[in-house]
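Participant: Encoded as structure tokens, here's the structure I'll be asking about.
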Amino acid sequence: MIPGRGYAVTESLLFAPPFGSATGTANFEGEFNNRDVPVTISLNPANTGTNWNFIGNPYPSAIDFDAFQAANSSIIGGAAYFWSQATEPDEIYPGNEPLNFNLYDYAIYTVGSGGTAGGVASETPNGFVASCQGFFVPALSSGTATFTNSMRMADGTSNNQFFKSSNTKKSNTESTKNRLWLNLTSGNGVFNQVLVATLMVQQIIMMVCIMMLQNFLRKTMRQLFTRYQIRITQSMLYKEKVLTALMTLKLLSLV
Numbered sequence: 498m499i500p501g502r503g504y505a506v507t508e509s510l511l512f513a514p515p516f517g518s519a520t521g522t523a524n525f526e527g528e529f530n531n532r533d534v535p536v537t538i539s540l541n542p543a544n545t546g547t548n549w550n551f552i553g554n555p556y557p558s559a560i561d562f563d564a565f566q567a568a569n570s571s572i573i574g575g576a577a578y579f580w581s582q583a584t585e586p587d588e589i590y591p592g593n594e595p596l597n598f599n600l601y602d603y604a605i606y607t608v609g610s611g612g613t614a615g616g617v618a619s620e621t622p623n624g625f626v627a628s629c630q631g632f633f634v635p636a637l638s639s640g641t642a643t644f645t646n647s648m649r650m651a652d653g654t655s656n657n658q659f660f661k662s663s664n665t666k667k668s669n670t671e672s673t674k675n676r677l678w679l680n681l682t683s684g685n686g687v688f689n690q691v692l693v694a695t696l697m698v699q700q701i702i703m704m705v706c707i708m709m710l711q712n713f714l715r716k717t718m719r720q721l722f723t724r725y726q727i728r729i730t731q732s733m734l735y736k737e738k739v740l741t742a743l744m745t746l747k748l749l750s751l752v
């Protein structure tokens, strides 16, 4: 296996009676990654809107997706797509059949706003990519994205959200972002979640303060410039009066 690359597998029990959902165990062997891990990102300009790259967290700890995207912002977009498998497999057509995969089962995390669930049974991404978690990112250009140790999380709660099947662990991480989720479900069971995010109150206050400061500086500079002009004009008038008076006195002295 190549570190940084994403891998997708299907549990073999899905192909055996009684079909339906199933779980299994996969074993990983080898040394832990504790270094910078480069991963190749591919972009084909001819395939507009379909340049998805499947990559994965190569570390034995969670990483901060915001930090990962910020460090590679010229190569990948600001969203991560996690497969949640919120829709149960079909009992009649088990395995890798199209009926077993719902487009809306992708849970999405977007930098700056937050996450949306991939289905009714799925949870919302919290922005931390768990150890060995695979995810899709949109390519902005061809190049190399790099995972670094500075993106890793050292706390004990950031690694508790792993997207795979409907038995994902619930995250207790709370966020202070102002967000609203709208769950939309059609009559035939198609689910979609829409996230409406607003700027934090502190950010709004900061923006207002900056605008007020800019207006104050503009007015102050305008007033100072006007006063400076007035003083120059007054000074020039005073000098003209003095010169006129001196010339008058000189003429009187010559008479």
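Each residue of the sequence shown is one higher than the one before, counting from 498 in the numbering used here. Using N, Cα and C, we set each Cβ at its ideal position, and we do this for glycine too.
#1: Please go through the same chain and pick out, in chain order, the residues whose beta-carbon is closer than 8 Å to the beta-carbon of glycine 754, but skip the five residues on each side of it.
#2: Mind checking proline 542: buried by the 16 CB within 10 Å criterion, or exposed?
#3: Label isoleucine 552 either buried or exposed according to how many other C-beta atoms from any shown protein chain fall within 10 Å of its C-beta, with 16 as the threshold for buried.
#4: Determine the direct distance from the alpha carbon of serine 558 to that of alanine 636, and round the result to whole angstroms.
#5: Under the rule that 16 or more other beta-carbon atoms within 10 Å means buried, what is lysine 666, buried or exposed?
#6: Just checking, does the region 574–582 make contact with the region 641–648 on the three C-beta pairs under 8 Å criterion?
#7: Please state if the CB of asparagine 550 and the CB of isoleucine 538 are separated by a distance shorter than 8 Å.
#8: Is it right to say phenylalanine 598 is buried, meaning 16 or more other beta carbons lie within 10 angstroms of its own, or is it exposed?
#9: Can you give me the C-alpha to C-alpha distance between alanine 651 and isoleucine 572, rounded to a whole angstrom?
#10: Alpha carbon to alpha carbon, how far is serine 647 from alanine 567? Give it in angstroms, no decimals.
#11: Below 8 Å CB to CB, which residues in the same chain sit around aspartate 533 once its five sequence neighbours on both sides are set aside?
#12: Distance, Cα to Cα, glutamate 671 vs serine 570?
Facilitator: By the coordinates alone:
#1: With the chain represented from 498 up to 752, any question about residue 754 goes unanswered, as that position is not in the structure.
#2: Counting from 1 along the sequence shown, the entry for residue 542 is found at position 45. Proline 542 counts as exposed, since fewer than 16 other beta carbons sit within 10 angstroms of its beta carbon.
#3: As a position in the sequence shown, residue 552 is number 55, starting the count at 1. The residue is buried, with at least 16 neighbouring Cβ atoms inside 10 Å.
#4: Reading the sequence shown from its first residue, position 139 is the one you call residue 636. Reading the sequence shown from its first residue, position 61 is the one you call residue 558. Each residue's Cα considered, the two are about 24 Å apart.
#5: Your numbering for residue 666 matches position 169 in the sequence shown. Low local confidence applies: a pLDDT of 44 at lysine 666 is under 50, so the model's placement there is unreliable, with the coordinate-based value given in what follows. With fewer than 16 Cβ atoms within 10 Å of its Cβ, lysine 666 is classed as exposed.
#6: no
#7: Taking the sequence shown and counting its residues from 1, one reaches residue 538 at position 41. Taking the sequence shown and counting its residues from 1, one reaches residue 550 at position 53. Isoleucine 538 is a Cβ neighbour of asparagine 550, given a cutoff of 8 Å.
#8: Taking the first residue of the sequence shown as 1, we reach residue 598 at position 101. Per the 10 Å Cβ criterion, exposed.
#9: As a first step, residue 651 is located in the sequence shown; it is residue number 154 there, counting from the start. As a first step, residue 572 is located in the sequence shown; it is residue number 75 there, counting from the start. Looking at the two C-alpha atoms, the distance is approximately 26 Å.
#10: Your numbering for residue 567 matches position 70 in the sequence shown. Your numbering for residue 647 matches position 150 in the sequence shown. So the alpha carbons of these two residues sit roughly 12 Å apart.
#11: Here residue 533 refers to the residue found at position 36 of the sequence shown. Taken in chain order, the residues that qualify are Thr643, Phe644, Thr645, Asn646.
#12: Your numbering for residue 671 matches position 174 in the sequence shown. Your numbering for residue 570 matches position 73 in the sequence shown. Caution is warranted here: a pLDDT of 49 is assigned to glutamate 671, below 50, making its placement in the model unreliable, and the coordinate value is therefore given only provisionally. Approximately 26 Å, taken between the alpha carbons.
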